[in-house]
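Colleague:
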């Protein structure tokens, strides 16, 4: 009888270890999914900010090019008057 109790305890211990390993694996998978979603969310935010900054730079470059074109036009007019 003592032998069967010992076997039952060992079986219960093995079952609990297996269950705990499965829970740990599931928890790790969920943690990885949460982290990856946050990373993708952060990357999306950074990409949006980058697109906005590039758009702003393009606008500024267009404005500067327009200003430089006017400068060249005035210089050309002044030189042609001489």
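Residue numbers (UniProt numbering): 1 to 82.
Glycine included, every Cβ here is placed at the ideal spot set by N, Cα and C.
Only a predicted model underlies this, so the values are computations on that prediction, with no experimental measurement involved.
1) How many Å lie between residue 38 and residue 53 at the Cα?
2) Alpha carbon to alpha carbon, how far is residue 13 from residue 5? Give it in angstroms, no decimals.
3) To the nearest angstrom, report how far apart residue 47 and residue 16 are at their CA atoms.
4) Straight-line CA distance for residue 49 to residue 76?
Modeller: The short version:
1) 22 Å
2) 12 Å
3) So the alpha carbons of these two residues sit roughly 46 Å apart.
4) 40 Å
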